[in-house]
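All you need for our numbering is the position in the sequence shown, starting with 1, plus 4.
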Amino acid sequence: MGRLADDPPRRSSGRLRGRRRRCHRSPGPHRRHGRHWRPHRVRPTILVVDDEPHLRQLLTFQLEATGFDVVQAADGREGVQLAIERRPDLVLLDVMMPEMDGYEVLRRLRASFATKHVPVIMLTARTDVRDKVSGLEVGANDYVTKPWEHRELMLRIRNVLEWSRQQRSASPLTGLPGNLSINDEIRGRLDRGVPFALLQIDVDYFKSFNDHYGYARGDEAIQRVAQILVESAQSHGGADTFVGHIGGDDFVIVTGPAQAEPLAAEIVRRFDEEVPLLYDEEDRARGSIEVRNRQHQMDRFPLMSLTIALVRTDRMPVSHLAQLTDIAQELKAHGKGIVGSVVVSERRRADEVPAGERRVA
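See the structure below:
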């Protein structure tokens with residue numbers, strides 16, 4: 005997890021020194037820290053394509069007053085050209101225009117690599133359902149009839165932009181929400197002030213598996229891990245549990261504080277049972293694989309394991325994302341040398357911890 009530009013800087017050195025940590029172990033070793041997720045702070049740009057000047061000006065006024073940047077095109081050809089050149093976040097496209105109508109503009113946008121995924125809302129005075137269906141079939145994301153109601157149009161624009169943002173963020177390999185959605189989920193819970201737990205999850209020794217068996221089997225391994233996380237979240241996490249894929253072998257789960265430890269334990273149990281089956285029988289029996297390094301020598305690596313950093317905001321008050329990420333990163337650093345899949349969590353206050361639990365793994 006990365007520090008946000010709008011969060012105050014923090015010193016992380018020594019943050020956890022002297023604190024009690026709780027580590028739950030299972031066989032197998034740990035390797036490295038996770039990949040960062042980053043925020044998304046951009047003023048969206050909307051391209052308005054309409055042959056009627058007064059409607060373009062009205063839309064521009066409404067959009068700029070709502071917080072958008074606006075680019076105008078007076079006809080379909082100019083609209084296609086500006087869309088390719090400017091790469092707007094969304095296109096408001098009139099259907100009925102001379103020479104090149106909105107349907108043809110949309111076909112050309114969807115045919116171009118530069119604009120294939122730019123969301124489009126079509127505007128038209130036509131109310132026939134067949135016209136709407138035609139636009140949606142060509143690739144429109146939404147359809148608004150003229151005259152539009154200002155609040156409805158702005159809401160539809162924001163909904164389509166949010167959908168598009170989440171689509172861009174989602175992992176193409178696992179289909180799980182990506183960095184932007186992860187940021188939004190954590191920020192939202194911090195803003196609401198409701199206690200939650202963060203599980204930051206790394207697959208240790210994935211790179212050696214990927215180098216040894218190839219990308220296809222590496223992708224299969226990541227997909228299996230994602231399946232384990234989602235199914236474990238469904239069975240042990242509660243309805244409000246969120247599962248995200250930062251990228252590569254790094255994942256995030258946000259859940260309720262009471263569900264965090266049982267959920268982490270279930271994830272480790274399933275991972276240690278199922279993931280070794282992805283190895284060839286000989287490697288699995290040996291408990292390791294051999295990978296040739298850059299010096300053309302053979303290095304031996306253990307089977308994949310998990311490191312889970314678990315932070316509960318009811319035990320460790322957190323005010324912003326940078327603070328949360330610092331704690332999670334240091335917990336993972338503490339688990340670096342622990343053999344096997346491990347869950348590393350913040351201790352409760354000393355007066356709340358039963359005497360039998362007061363130990364550092």
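Heads up, the beta-carbon is just placed ideally off N, CA and C, and yes, glycines get one too.
Contact between the segment 196–212 and the segment 295–311 is present: three or more C-beta pairs spanning the two stretches fall below 8 Å. Between phenylalanine 65 and isoleucine 50, the C-beta gap is not smaller than 8 Å, which leaves the two residues out of contact. Between isoleucine 312 and alanine 243, the CB-CB gap reaches or exceeds 8 Å. By the C-beta density criterion, serine 323 is exposed, having fewer than 16 other C-beta atoms within 10 angstroms. Taking C-alpha positions only, leucine 86 is separated from glutamine 171 by approximately 23 Å.
According to the DSSP assignment, histidine 240 belongs to the alpha helix (DSSP H) that extends over 219–240. Inside the segment 316–352, DSSP marks whole beta strand (DSSP E) runs of 3 or more residues at positions 346–350, from first to last along the chain. Secondary structure note for glutamine 204: its beta strand (DSSP E) is the uninterrupted segment 201–208.
Distance between asparagine 163 and histidine 154, taken at the CA atoms: about 14 Å.
By DSSP's assignment, threonine 128 forms a beta bridge with Thr149. Taking the Cα of arginine 288 as reference, the smallest distance to any Cα among Ser138, Val295 and Pro280 is reached at Pro280. Within the same chain, and ignoring the five residues on either side of glutamine 227 in sequence, the residues whose Cβ sits closer than 8 Å to its Cβ are Leu177 and Thr178.
Distance from the CA of glycine 143 to the CA of arginine 290, rounded to the nearest whole angstrom, comes to 53 Å. Closest in C-alpha terms to aspartate 253, from the list Gln238, Pro266, Val234 and Gly222, comes Gly222. In this structure, the CA atom of valine 52 is about 15 Å from the CA atom of threonine 70.
In the DSSP assignment, the residues bridged to phenylalanine 305 are Ile293.
As a beta-bridge residue in DSSP terms, histidine 249 pairs with Phe255. Scanning Glu103, Val95 and Ala230 for the CA closest to the CA of aspartate 146 turns up Val95. Under the DSSP assignment, threonine 70 falls outside any beta strand (DSSP E), being part of the alpha helix (DSSP H) whose first and last residues are 57–70. Annotation: aspartate 105 is outside any alpha helix (DSSP H) and is labelled neither H nor E by DSSP. Of all alpha-carbon atoms in Pro92, Ala264, Met101 and Ile205, the one lying nearest the alpha-carbon of glycine 339 is that of Ile205. Under DSSP, the beta-bridge partners assigned to threonine 49 are Asp73. Lysine 336 sits buried, since 16 or more C-beta atoms from the chains shown fall within 10 Å of its C-beta. Going by C-alpha positions, aspartate 98 is about 14 Å away from glutamine 61. For glutamine 333 and phenylalanine 246, the gap between their C-alpha atoms comes out near 20 Å. Judged by DSSP in its simplified three-state form, leucine 96 adopts strand. Looking from the CA of aspartate 79, the closest CA among Gly182, His216 and Leu59 belongs to Leu59. For glutamate 270, the closest C-alpha among the options Leu282, Ile232 and Tyr283 is that of Ile232. Tyrosine 283 sits buried, since 16 or more C-beta atoms from the chains shown fall within 10 Å of its C-beta. In the displayed model, alanine 313 falls within a strand according to three-state DSSP. Around the C-beta of glutamine 238, fewer than 16 other C-beta atoms lie within 10 Å, and the residue is accordingly described as exposed.
Around the Cβ of leucine 110, a 10 Å sphere holds 16 or more other Cβ atoms; the residue is buried. Sorting Glu82, His240, Asp54 and Pro102 by C-alpha distance to the C-alpha of isoleucine 125 places Asp54 at the top.
Here aspartate 93 really is in contact with leucine 165; their C-beta atoms are around 6 Å apart, less than 8 Å. The Cβ-Cβ distance between alanine 264 and histidine 249 does not fall below 8 Å.
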